[in-house]
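The structure appears right after this line, and notes come after that.
What follows is the structure, encoded as structure tokens:
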């Protein structure tokens, strides 16, 4: 860690020099709107609107909240939000669980661009953490189906991570800078970062980067798994990020944005499989977006976007005995060009239409390796091997039509329809698909909703929508060992997973009190799961039992989500949330996998009116979960006490404090898990950390020329 201190000091010095020479106030990053439910959200309907008036159940995490929480990784930000839990396969993991669904049944977006691609894995994954938290402006989450708006994978919800935007200057050329450092005690973690911005009246540029190192961490009091210590090892990783964004106003009403994001994670370790190592997990995204406001009297907006995204990942496993060592693994790469066009029209004052088309093309290349060493002779045999998948291409083209109407002053109606086509083609593979495959699928989804203002601040909201997930390359073409004893083979005959969801509830938006209560019922069919199979007429391959994925499950998930915000005084704010989900596999008559228990949070914030001082106390709560599915029972790594089939409940207390020490310096101190509880978040394969002290320092300023 020491070698990065000079870099941080250099960045701090640059920012300090800019700030001091400016002699100007720094933008306040510690204040939030009094009521989060009165903020603005875009993801829910692809157009800006108030959260309380959005058709769907929505969560928004703002920039000040991101700064206060000092997250180790992006997924951890969502732990204190209603209706969302976070599953962790490793310390760097973080898969949001929304309405009982996770992984490739949750759609992840970055600035509205799909992060999900053709190899998003079955079950939980870590891809949300390939978005650098330090570069985020806000996170918007739609809880519930979103396929009518965004297409495949949006069955349980949509998570849209929105990155920071460069700001234009109305008073000549403006040069700004920021440097920050963060430290955490439980894993000896450190993050150093900086950013520089240059802005004029019609052009603005911002770029920056971070370097993060995270070590093995300490679990709560009483944790003992592999030895007598509470150290959770191995669980470390390193990360570097870089991002740049250029904004232009070439003509009146026109805006052009070009952005580049790069995240590189190295040597990601896994506690539950110490013989596994991910040497790298990289993601690069570049895009250009053009927006034209009010081009015609009946056209509110035109938007066109082109993007290019590359995801690279590599995993290795090691086996050895006194005489022999074997290292094997796979490297996978997905290159995705994308394009979209959207128009928003208002033919009448109370009617609004949004039309658009999107196209993505995932090109998957996969290669394996196998290094065997005879230790007694020192001989090394290196050879290439088959990767996780056959080389393949997955193409997706879709079009959507959305509408919003307000026939009466107290009644708003929403509707949407979308059609998607998919084509998956693979190269010939002598082992998995000797002649290659061409698979075509399509899906038509839609939905409608209403919001009726019953009386005063009381409103009724209701929605019905369908959603789907098209089978991807990971579903159709995976050929290799999985878990402990299975070997998976391809199935080109898979169909899309489908769901239909109804939700309804009440909302109260008063001057000092905001409430939301939502009930939902989701019916799911053709869900994909692994089933015993054969390969070339044999049920065993390389000593493992053969299985493949099939559309075999019909299921139901019912639940509720409740949240409240209370303005106690002008300086004191209270909020809380509670959610519950009950999932049942109707085909087998057993619980669905990884359904979270009753969970919630409470938070109380005190902030001075000038924003220079704030404090926040929070508690995260979860009940016991004993409804283990058969797949959960066979997964010993996700069981806090293997063989007991129960995840104990917990109550975790946290405290945060922040201050603007000077006009240019901000400090944040946090204490997480104050009581040092030993607990697991349901479905995780690693315990949560014990007491953790975090410290954040940020130095920033700007100067006008």
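Residue numbers (mature numbering (1 follows the signal peptide of the UniProt record, and there is no 0)): -24 to -1, 1 to 681. Ideal Cβ placement from N, Cα and C applies to all residues, glycine included. Computed from a prediction, not measured in an experiment: that's the story for all the values here.
Give the secondary structure of residue i by DSSP, where H, G and I count as helix, E and B as strand, and everything else as coil.
i, result
"residue 50", "helix"
"residue 118", "strand"
"residue 612", "helix"
"residue 673", "strand"
"residue 557", "strand"
"residue 544", "coil"
"residue 301", "strand"
"residue 65", "coil"
"residue 178", "coil"
"residue 592", "strand"
"residue 19", "coil"
"residue 42", "helix"
"residue 56", "helix"
"residue 130", "coil"
"residue 606", "helix"
"residue 81", "helix"
"residue 140", "coil"
"residue 104", "helix"
"residue 111", "helix"
"residue 28", "helix"
"residue 617", "coil"
"residue 206", "coil"
"residue 662", "coil"
Could you check whether residue j and residue i sit closer than 9 Å to each other, using their CB atoms as the reference points?
i, j, result
"residue 416", "residue 398", "yes"
"residue 307", "residue 264", "no"
"residue 78", "residue 445", "no"
"residue 158", "residue 171", "no"
"residue 247", "residue 105", "no"
"residue 670", "residue 46", "yes"
"residue 370", "residue 448", "yes"
"residue 474", "residue 502", "yes"
"residue 735", "residue 75", "What the structure shows of the chain is the stretch from -24 to 681, and residue 735 is not part of that stretch, so it cannot be assessed."
"residue 268", "residue 277", "yes"
"residue 50", "residue 115", "yes"
"residue 381", "residue 453", "no"
"residue 364", "residue 425", "no"
Hey, how far is the Cα of residue i from the Cα of residue j?
i, j, result
"residue 259", "residue 237", "8 Å"
"residue 744", "residue 373", "Residue 744 lies beyond the residue range present for the chain, which begins at -24 and ends at 681; the question has no answer from this structure."
"residue 250", "residue 681", "55 Å"
"residue 590", "residue 479", "37 Å"
"residue 436", "residue 112", "33 Å"
"residue 255", "residue 185", "21 Å"
"residue 505", "residue 223", "45 Å"
"residue 675", "residue 440", "48 Å"
"residue 324", "residue 438", "24 Å"
"residue 301", "residue 293", "11 Å"
"residue 596", "residue 672", "22 Å"
"residue 117", "residue 500", "21 Å"
"residue 666", "residue 627", "13 Å"
"residue 639", "residue 107", "30 Å"
"residue 655", "residue 556", "19 Å"
"residue 520", "residue 347", "21 Å"
"residue 230", "residue 241", "37 Å"
"residue 1", "residue 677", "Low local confidence applies: a pLDDT of 35 at residue 1 is under 50, so the model's placement there is unreliable, with the coordinate-based value given in what follows. Answer to the nearest angstrom: the Cα atoms are 8 Å apart."
"residue 580", "residue 232", "40 Å"
"residue 129", "residue 33", "18 Å"
"residue 93", "residue 430", "43 Å"
"residue 6", "residue 668", "Note that residue 6 has pLDDT 40, beneath the 50 cutoff, so the model's placement of it is unreliable and no number is given."
"residue -3", "residue 341", "Note that residue -3 scores 36 on pLDDT, short of 50, meaning its location in the model is unreliable; the coordinates nonetheless yield the value given after this. Approximately 51 Å, taken between the alpha carbons."
"residue 175", "residue 182", "8 Å"
"residue 402", "residue 309", "15 Å"
How is the alpha helix (DSSP H) around residue i delimited, first residue to last?
i, result
"residue 255", "First-last for residue 255: 252 to 272, but that is the beta strand (DSSP E), not the alpha helix (DSSP H)."
"residue 124", "123 to 126"
Residue range of the beta strand (DSSP E) that residue i falls in?
i, result
"residue 238", "230 to 245"
"residue 281", "275 to 296"
"residue 577", "575 to 583"
"residue 626", "626 to 636"
"residue 33", "33 to 37"
"residue 216", "213 to 224"
"residue 719", "Beyond the ends of the chain as shown, which are -24 and 681, falls residue 719; an answer cannot be given."
"residue 643", "641 to 648"
(request) Can you check the stretch 394 to 444 for any beta strand (DSSP E) of at least 3 residues that lies completely inside it and give the ranges in chain order? (result) Qualifying beta strand (DSSP E) stretches, in chain order: 414 to 431.
(message) Threshold first: 3 residues or longer. Then list the beta strand (DSSP E) segments lying entirely within the stretch 313 to 384, N to C.
(response) DSSP runs (the beta strand (DSSP E)) wholly in the stretch 313 to 384: 327 to 350, 355 to 362 and 368 to 384.
(request) Quick one: which unbroken beta strand (DSSP E) runs of 3-plus residues sit fully inside the stretch 445 to 519? Chain order, please. (result) The stretch 445 to 519 contains, as complete beta strand (DSSP E) runs of 3+ residues, the segments 456 to 458, 462 to 464, 473 to 485 and 489 to 508 (chain order).
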